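Have a look at the structure below, then the notes.
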Amino acid sequence: MEEYQKTSIRNWAIEDRPREKLIQKGIASLSNAELLAILIGSGSRKESAVELSRKILGDVRNNLNELGKSTIDALQKRYHGVGQAKAITIVAALELGRRRQLASPLEKPQIRKSEDVFALMSPALADLPHEEFWILVLNQANKVVTRFNISKGGIAGTVIDVRIIMEKALYQHASSIILCHNHPSGNRKPSQPDISITKKLAEAGKILDIHVLDHVIIAENHYFSFADEGIL
Numbered sequence: 001m002e003e004y005q006k007t008s009i010r011n012w013a014i015e016d017r018p019r020e021k022l023i024q025k026g027i028a029s030l031s032n033a034e035l036l037a038i039l040i041g042s043g044s045r046k047e048s049a050v051e052l053s054r055k056i057l058g059d060v061r062n063n064l065n066e067l068g069k070s071t072i073d074a075l076q077k078r079y080h081g082v083g084q085a086k087a088i089t090i091v092a093a094l095e096l097g098r099r100r101q102l103a104s105p106l107e108k109p110q111i112r113k114s115e116d117v118f119a120l121m122s123p124a125l126a127d128l129p130h131e132e133f134w135i136l137v138l139n140q141a142n143k144v145v146t147r148f149n150i151s152k153g154g155i156a157g158t159v160i161d162v163r164i165i166m167e168k169a170l171y172q173h174a175s176s177i178i179l180c181h182n183h184p185s186g187n188r189k190p191s192q193p194d195i196s197i198t199k200k201l202a203e204a205g206k207i208l209d210i211h212v213l214d215h216v217i218i219a220e221n222h223y224f225s226f227a228d229e230g231i232l
């Protein structure tokens, strides 16, 4: 028991524990052994999960392709502390990695003009009986990284918080954003609050170096673009 206490991950400095290290320093800072240790969770009475992982990887000369050839039965029989559940986890994780390599990356839609925004967001907003406010987060190539539903309101409006929008944009490392909301009334003309919040967000974006490219209002089968009208 004493030998295990010396090697247990619980006795390591917090910054050296794999899970804590991942959170504090990012996943790229972890070695293959540390990543494997996170998967198996625990070692044995004689060695920590990291030490067990180093042993497993050492037997395949730290080659993940070779480890990927291991069977559940072989892992269980060869390594003390690796039961069926841990062996299944290792095999499943490596198979998932193999499938990731085979998969084609999803093509991100690129925004070249306001019509692209309308085509992307109209299916979600055109027929709603209430207002919703969304933002599109774009990278440097004007491709949509993600989109967020910021708020939902009533027929006449919805509450917008500049801080929440910019926080989400910063978190996603946005190069620029596009604002988008709907008018259930079918009137595409922006209201004074629409104009006001657009100006506030544009000013906040200048300070944070996140350019607000457009604000598109969707009203049934047509739309209004602040950029097209020269308001931004």
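Here UniProt numbering is used: position 206 in the sequence shown is 206, and no number is missing along the way.
Ideal Cβ placement from N, Cα and C applies to all residues, glycine included.
As the structure is a prediction and not an experimental result, all values here were calculated from the model.
C-beta atoms of residue i and residue j nearer than 8 Å
| i | j | result |
| --- | --- | --- |
| Val216 | Ile178 | yes |
| Ile111 | Asn149 | no |
| Ala49 | Gly43 | yes |
| Leu39 | Ala93 | yes |
| Asp214 | Leu232 | yes |
| Gly186 | Glu220 | yes |
| Tyr223 | Ser114 | yes |
| Pro184 | Leu120 | no |
| Thr158 | Phe118 | no |
| Ala87 | Ile218 | no |
Burial state of residue i (16 or more Cβ within 10 Å)
| i | result |
| --- | --- |
| Asp194 | buried |
| Tyr171 | exposed |
| residue 250 | With the chain covering only 1 through 232, there is no way to say anything about residue 250. |
| Ile104 | For the record, residue 104 in the displayed sequence is Ser; it is not Ile. Result: exposed. |
| Lys206 | exposed |
| Ala174 | buried |
| Ile165 | buried |
| Lys189 | exposed |
| His181 | buried |
| Thr162 | A quick correction: the sequence has Val, not Thr, at residue 162. Val162 is exposed by the Cβ-count criterion. |
Where residue i sits in the DSSP three-state scheme
| i | result |
| --- | --- |
| Arg17 | coil |
| Ile111 | coil |
| Val159 | coil |
| Val137 | strand |
| Ile88 | helix |
| Leu102 | helix |
contact_flag[the region 92 to 107, the region 59 to 69] where n(CB pairs < 8 Å) is 3 or more: Judged by Cβ distances under 8 Å, the region 92 to 107 makes contact with the region 59 to 69, as three or more pairs qualify.
Runs of alpha helix (DSSP H) wholly within the region 28 to 98 (minimum 4 residues, chain order): Correct list: 32 to 40, 49 to 58, 64 to 67, 72 to 78.
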